[in-house]
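**Q**
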Amino acid sequence: MKLKASSAKLWFAISRFTKRIWFRSFIYAVVGVATAFVALFARDFVPSGYATKIGADAVGNILTILASSMLAVATFSLSIMVTAFGNASTGASPRASKLLIENQSAQRAVATFIGAFLYSIVGIIALTTGAYGDDGRFVLFLVTIVVIVVIVVTLIKWVDQLATLGRVGSTIEAVEEATFRELASRAEDPYLGGRKITESNGQGFVTDIFANEIGFVALIDTEALQEHCEKQDIEIAVRTVPGSFTYPGRPLASIRGNISALGSSQLSSHFVIERSRTFSQDPRFGFVLLSEIASKALSPGINDPGTAIEVLNAAVRLFTKRKILREKLASENSEIRFSRVFVPEMTERELIGDVIHPIARDGAGLFEIGLRIQKILRALSELDVSYDEGARYYSALALQYSYLKLELDMEKQMVKQAALV
């Protein structure tokens, strides 16, 4: 989905804020408290005599049961989530655990339990004070039935999710889904709304602007850069793309034209720099995470080549989806919304290297890994011509690793036969 870059920094800040685990819990808590008060004001719409017929007097006992059970369930769920985050960090990658923390289903489950608990508490307090009356108790009874239904549905989904939460397989799936979202976004807007920088149009950018912080570029507000360039009658070439590590001595971008020191400082402020790498505008991060999961699985202490093979399979699926996206969008020329901003191309060779190189290094001594890498690189080469150069390069590299670590000549020969070189 394309995002107007004028609101990019604001949206990025809001997105980070709303993904916090406490945010959804807070919203559900407010809804729970508000729901208890709604019953108080809706009592005037209840026909007389309904409360005694339905048996709304039982609502107090029901709320007491809910209050005691929901607090226990919420606490238990949080402990399960913390354990799952720890398992993801040790079994997969510490950087992948952030995806689990931001998992909406898990957050929704905990938030529902907390909201139901507060709803029960407020309802019990209001009942004790006699604020509802008979008609209000009837409304509260109906609302409580709805709340119970919501809790039951949430519990069923939550129990199903607990079976896989934090496991390596589900972590790989979460990373794959997050990577595909960013690949789709980049396919729609390959140069972040700017122009592709080439040898012909990339000359004359001689004035560098630098970061004032150390960290990873998380977001580039290209529309803000465009507006600034129009005011100063300059053009800007991005040197440090999202996901790149930067520091005060590394150029964020270069300017073609004259600009003051104040103008350089203002331009650098449109690059959002974070302490750690994020998925924002950075599809390569997903491939890096996949390789980290595979490398950990291939470590001597774990020795799980099957997980590494699953990672390679996930990578093939992502590259296949990327090809389909490019074909689907081939007829739609990428809109150049910011003609004064030049952005480097994200190459297929970089993506292939992000996931293949570490696995080829760490799995070089395992015949099944060396052979699977060669088969997958051959599949990528046949899948699309744009993958061919990167596939051949890393096929040769992986073959060298295999020759260094494999002991049997027959295994070396089988890997060589599968290679693209």
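Just remember that the numbering used here sits 2 ahead of the position in the sequence shown, which is counted from 1.
All residues carry an ideal CB built from backbone N, CA and C; glycine is no exception.
1) Taking the DSSP output, what are the residues bridged to residue 256?
2) As a quick exercise: from 231, 289, 148, pick the residue whose alpha carbon is nearest that of residue 183.
3) Check the C-beta distance from residue 274 over to residue 220 and give it rounded, since I have them as a contact under 8 Å.
4) Exposed or buried, residue 285, counting other C-beta atoms within 10 Å across all chains shown (16 or more means buried)?
5) Which value, in whole angstroms, describes the spacing of the CA atoms of residue 245 and residue 192?
6) So what does residue 219 bridge to, in DSSP terms?
7) Is residue 360 buried or exposed, if buried means 16 or more other CB atoms sit within 10 Å of its CB?
8) Can you grab the Cα-Cα spacing for the pair residue 121 / residue 38, in whole Å?
9) Which class does residue 344 belong to by DSSP, given the choice of helix, strand or coil?
10) Can you look up residue 374 in the DSSP assignment and give me helix, strand or coil?
11) Here's the rule I'm using: 16 or more other beta-carbon atoms within 10 Å means buried, otherwise exposed. How should residue 415 be labelled?
12) Helix, strand or coil for residue 13, going by three-state DSSP, please let me know.
13) Exposed or buried, what is residue 19 when buried is set at 16 or more other beta-carbons lying within 10 Å of its beta-carbon?
14) Quick check: the segment 187-207 against the segment 297-306, are at least 3 beta-carbon pairs closer than 8 Å?
15) Following the continuous alpha helix (DSSP H) through residue 390, name the residue where it begins and the one where it ends.
16) Can you tell me whether residue 26 is helix, strand or coil according to DSSP?
17) May I have the straight-line CA-CA distance separating residue 7 from residue 251, to the nearest angstrom?
18) What residue range is occupied by the uninterrupted alpha helix (DSSP H) comprising residue 121?
**A** The relevant details are as follows:
1) Along the sequence shown, one-based indexing puts residue 256 at 254. In the DSSP output, where bridge partners are listed per residue, residue 256 has 210, 239.
2) The sequence position of residue 183 within the sequence shown is 181, counting from 1. For residue 183, the nearest C-alpha among the options comes from 289.
3) As a working note, residue 274 is residue 272 in the sequence shown. As a working note, residue 220 is residue 218 in the sequence shown. Rounded to the nearest angstrom, the Cβ distance from residue 274 to residue 220 is 5 Å, consistent with a contact under 8 Å.
4) Here residue 285 is taken as the residue at index 283 of the sequence shown, counted from 1. Buried, because 16 or more other Cβ atoms sit within 10 Å of the Cβ of residue 285.
5) Position 243 of the sequence shown, counted from the start, is the residue given in the question as residue 245. Position 190 of the sequence shown, counted from the start, is the residue given in the question as residue 192. So the two alpha carbons sit approximately 15 Å from each other.
6) Within the sequence shown, residue 219 is the residue found at index 217, counting from 1. Paired residues: 275.
7) On the sequence shown, position 358 is the one that residue 360 refers to. A residue is called buried once 16 or more other Cβ atoms fall within 10 Å of its Cβ, and residue 360 is buried on that count.
8) As a working mapping, residue 121 is identified with position 119 in the sequence shown. As a working mapping, residue 38 is identified with position 36 in the sequence shown. The straight-line gap from Cα to Cα measures roughly 6 Å.
9) The residue given as residue 344 occupies position 342 in the sequence shown. Three-state DSSP puts residue 344 in a strand.
10) Here residue 374 corresponds to residue number 372 of the sequence shown, with the count starting at 1. Note: residue 374 maps to helix in three-state DSSP.
11) Here the question's residue 415 lines up with position 413 in the sequence shown. Flag for residue 415 reads exposed.
12) What you label residue 13 is simply residue 11 of the sequence shown in a count that begins at 1. Helix.
13) Along the sequence shown, read from residue 1 onward, the residue named residue 19 stands at position 17. Classification for residue 19: exposed.
14) Taking 8 Å as the limit for Cβ pairs, the verdict is that the segment 187-207 does not touch the segment 297-306.
15) Reading the sequence shown from its first residue, position 388 is the one you call residue 390. Taken as a continuous stretch (DSSP letters only), the alpha helix (DSSP H) holding residue 390 covers 390-407.
16) Mapped onto the sequence shown, residue 26 falls at position 24. Helix at residue 26.
17) Here the question's residue 7 lines up with position 5 in the sequence shown. Here the question's residue 251 lines up with position 249 in the sequence shown. Confidence is the limiting factor: at residue 7 the pLDDT is only 45, short of 50, which leaves the residue's position unreliable, though a coordinate-based value still follows. Rounded to the nearest angstrom, the two C-alpha atoms are 27 Å apart.
18) The count along the sequence shown starts at 1 and reaches residue 121 at position 119. Counting along the chain, the alpha helix (DSSP H) containing residue 121 begins and ends at 106-131.
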